[in-house]
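Student: Chains A and B are the protein sequences, given in the same order. Under the numbering used here, the residues of the first sequence are numbered 2 to 336, in order. Under the numbering used here, the residues of the second sequence are numbered 2 to 336, in order. In this text, a Cβ means the ideal position worked out from N, Cα and C, and glycines have one as well. Computed from a predicted model, the values in this text were never measured in an experiment. Dropping a structure here in structure tokens format, bear with me for questions.
Number of protein chains: 2
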Amino acid sequence: MPQLRKDPILGRWVIISTERAKRPEDFSKPISNPPEKECPFCEGRENLTPGEIFSIKDSQGKWRVRVVSAKKPFLQKEGQLWKKGKGPYDLINGVGSHEIIIETPYHIANIADLDESQIKDVLSTYCIRFREIEKDPLIKYVLIFKNYGWGAGGGTVRHARSQLIATPVNLKRVKEELEGAKFYYDYHERCVFCDIIQQELSDGSRVVLENDNFVVLVPFAPRFPFEVWILPKKHSPDFYKICDGNVLELAKILKQTLLKMKILLNDPHYNYIIHTAPFRRPYPGYWSTIEEDYHWHIEITPHLTRVAGFEWGSGFYICPALPEETAKFLREKNV
Amino acid sequence: MPQLRKDPILGRWVIISTERAKRPEDFSKPISNPPEKECPFCEGRENLTPGEIFSIKDSQGKWRVRVVSAKKPFLQKEGQLWKKGKGPYDLINGVGSHEIIIETPYHIANIADLDESQIKDVLSTYCIRFREIEKDPLIKYVLIFKNYGWGAGGGTVRHARSQLIATPVNLKRVKEELEGAKFYYDYHERCVFCDIIQQELSDGSRVVLENDNFVVLVPFAPRFPFEVWILPKKHSPDFYKICDGNVLELAKILKQTLLKMKILLNDPHYNYIIHTAPFRRPYPGYWSTIEEDYHWHIEITPHLTRVAGFEWGSGFYICPALPEETAKFLREKNV
């Protein structure tokens, strides 16, 4: 059973993944790029994945998007949640869930290469899973993310998929963002993300793409070269409450953004993460303005530099590219 | 001139490194491992580095440890500090300093391979630079770290060296650690690090090495496999106030730890970072208990897994190794 352990200084929860644990000896073997295995995510090989949780089917009854449990889950569904202390330490057993969202029945690696209606189905699937998992009172947060390419933690099978982790605790990163947004709101009585959007649209130098309801920009203080954020122009804390009419527009701008990265940056490995408010807003007073102060968005980080080491451990970032230049490059080059 | 830009949501400062900035086009080239260049850090090539700031010499007047300015500094010494706002954004020009501590005149890559008295001189040099830079009222924090191997951001020249960055702002990571330590102290009226040391020494399962004044342990909730911390047993917030008598003991245990990693884990790339309290303790009341609540230490993180991507962007860590097993492995295998 995996464990969630809390760092007693920073209050950061870490998953100790027993299902994926390697023996200490195994870490001394050099890291190699193993050959691609038979793809378990392709149409016709449904028996190679654990039980199906959800699917979207076409008019012939064939699946278009399919959600399954992870084979080696970070967190497990079974069992009662327990919380324990030991001296200065806190731990929780790894109850929660870990799902894989298979984005296409075909063996296509990059979501950027799917057509817009297929990407729309993927995004709709995210929303449907959010709504379903919200019903479980044990779950505090749902994190949806994509690891594309092994450099981004994506494994060796090149079939487009995203991951969903439902956790019984609120993640430190999420708390920090909520607290930061609230801190700004308490002073200005405006959403910091709304202010950023307004500033960026009037300034223009860091805008990459724009349509009626969404804007894509390079943030003012990016951690990584070519980091981009996709934000809805209309204020909303919850990704999964996006109205149906806007999902296709989001799919279009996501595809355009990722396609620009793929073509202009030589198919980089990347991650994207959906940043959305937690379901439970448990501390009256504390997160009481969350409806007004938090604004969902998607953060995309391509992996273009080797210099990961120091930033990894320190949380201190040095970005070797000017945000205005990377934005201009992505904005002006057509693909 | 480099810039320091603040993320308006998280309050995290990012260095936009103009000295090292690449053109957007250059990021699309595949990352390759360029051949080692002529080493500018070896004895006899002193003219290849910018001006010497400090050195420790032997009785014949030959240098043993040498501190120079970085050729492409993240932050620059020249110029007045200015702070500006633009809409929701804050920026500071990149005033500060960036120094390279050359740890040996010989072409040796890993500090683990230097002898103990040489490592002692390196650690003493850190302390001397801390004390000197403390005098500059513009500087809020000094970060000393090592990137060993390109996987850890160490560049292509394989000559043992560390880096020092002096910043005009307090780093978010440092603030978080200070706040976490204070939060624990406010409740318990005890230092969280002292409590951790006591817990670990009585439990024993995560202890790697120990001598009279220091303990090396795998933390309870590590971010990475084989992450280890070196802590002084006696409470002290400031690394650079370590008494001379203890520097050799620290050098010995640092060498032993890194040598175990080198031999048992196949010479992994790694980072270490000195975690110490800031010089200025500016907010009366706010950090007023820092003398009692904060405890300097060194964090070492080897790079043994490819799965960096997701953790990189999310601040949410999944560790595929049991801390008790990695500690046992490092503790029991002799090198």
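1. Determine the contact status of A/Trp220 and A/Ile197, defining contact as a CB-CB distance below 9 Å.
2. Examine chain A for any beta-carbon lying closer than 9 Å to the beta-carbon of B/Trp297, and answer yes or no.
3. Is the distance from the Cβ of A/His276 to the Cβ of A/Ile299 below 9 Å?
4. So, does the CB of A/Thr19 fall closer than 9 Å to a CB anywhere in chain B?
5. I'd like to know whether the C-beta of B/Asp83 is nearer than 9 Å to at least one C-beta of chain A.
6. The alpha helix (DSSP H) with B/Ala252 in it runs from where to where?
7. Would you list the one or two residues that DSSP bridges to A/Gly86?
8. Within the same chain, show all residues whose beta-carbon is closer than 6 Å to that of A/Lys176, passing over the 5 residues directly before and after it, in chain order.
9. Give a yes or no on whether the minimum CB-CB distance between A/Ala394 and chain B is below 9 Å.
10. Within the same chain, show all residues whose beta-carbon is closer than 8 Å to that of A/Lys290, passing over the 5 residues directly before and after it, in chain order.
11. Going by DSSP, what residues sit across from A/Trp14 in a beta bridge?
12. Less than 8 Å between C-beta atoms, sequence neighbours within five positions excluded: which residues of the same chain meet that for B/Leu11?
13. I'd like to know if A/Glu79 contacts chain B, where contact means its C-beta is closer than 9 Å to some C-beta of that chain.
14. How far does the beta strand (DSSP E) with B/Leu202 in it extend, from its first residue to its last?
15. Between B/His196 and chain A, is there a C-beta pair that is closer than 9 Å?
16. So does the region 122–131 of chain B actually touch the region 63–72 of chain B, counting three or more Cβ pairs closer than 8 Å?
17. Contact between the region 100–118 of chain B and the region 243–257 of chain B is defined here as three or more beta-carbon pairs at a separation below 8 Å; is this criterion met?
18. Check whether the Cβ atoms of B/Pro238 and B/Thr327 lie closer than 9 Å to each other.
19. To which residues of the same chain is A/Gly181 closer than 8 Å at the C-beta, ignoring the five residues directly before and after it?
20. Report the neighbours of B/Leu266 on chain A: residues whose CB is nearer than 7 Å to its CB, in chain order.
21. Identify the residues that DSSP records as bridge partners of A/Arg130: which are they?
22. According to the neighbour-count rule (16 or more other Cβ atoms, all chains shown, within 10 Å of its Cβ), is A/Leu49 buried or exposed?
23. What residues in the region 202–227 of chain A bring their beta carbon closer than 9 Å to a beta carbon of chain B?
24. Let me know the secondary structure DSSP gives B/Pro303 once reduced to three states.
25. Could you have a look at A/Arg332 and say whether DSSP puts it in helix, strand or coil?
26. Using a Cβ-Cβ distance cut-off of 9 Å, determine whether A/Cys320 contacts chain B.
27. For the region 271–283 of chain B, which residues have a CB atom closer than 9 Å to at least one CB atom of chain A, in sequence order?
28. Spell out the partners DSSP gives B/Gln61 in its beta bridges.
29. What's the call for B/Lys84, buried or exposed, on a 16-neighbour Cβ count within 10 Å?
30. Taking the alpha carbon of B/Trp14 as the reference point, which residue from B/Ala161, B/Leu92, B/Glu44, B/Ser60 has its own alpha carbon closest?
31. Closer than 8 Å by beta-carbon distance: list the chain A residues that pair up with B/Val193, in chain order.
32. Report all residues from its chain with a CB closer than 7 Å to the CB of B/Gly152; omit the five preceding and five following residues, and keep chain order.
33. A/Lys23 and B/Ala322 - do their beta-carbons sit closer together than 9 Å?
34. Along the chain, where does the beta strand (DSSP E) containing A/Tyr271 start, and where does it finish?
35. In this structure, does DSSP put B/Ser125 in helix, strand or coil?
36. Residues of chain B with CB under 7 Å from A/Arg6, in chain order?
Tutor: Result, derived from the coordinates:
1. First, the residue type needs correcting, since residue 220 of chain A is Pro and not Trp in the sequence shown. Yes, Cβ-Cβ distance for A/Pro220 and A/Ile197 is below 9 Å.
2. no
3. yes
4. yes
5. Reading off the sequence shown, one finds Trp at residue 83 of chain B, where the question assumed Asp. Closer than 9 Å: no.
6. 245–265
7. A/Asp91
8. none
9. It is not possible to answer for residue 394 of chain A, since the shown part of chain A is limited to 2 through 336.
10. Looking at the sequence provided, one finds Thr at residue 290 of chain A rather than Lys. Excluding residues within five positions, the ones whose Cβ falls inside 8 Å are Lys183, Tyr186, Asp187.
11. A/Lys7
12. Lys173
13. no
14. No beta strand (DSSP E) contains B/Leu202, which is instead part of the alpha helix (DSSP H) from 193–204.
15. Reading off the sequence, residue 196 of chain B comes out as Asp, not His. At least one chain A Cβ lies under 9 Å of B/Asp196.
16. yes
17. yes
18. no
19. Val193
20. Phe28, Ser29
21. The partner list for A/Arg130 (beta bridge, DSSP) is empty, contrary to what the question assumes.
22. exposed
23. Ser203, Asp204, Pro220, Phe221, Ala222, Pro223, Arg224, Phe225, Pro226, Phe227
24. strand
25. helix
26. yes
27. Tyr271, Asn272, Tyr273, Ile274
28. Paired residues: none, contrary to the question.
29. exposed
30. B/Leu92
31. Pro9, Ile10, Pro89
32. His270, His304
33. yes
34. 271–276
35. helix
36. Phe221, Ala222
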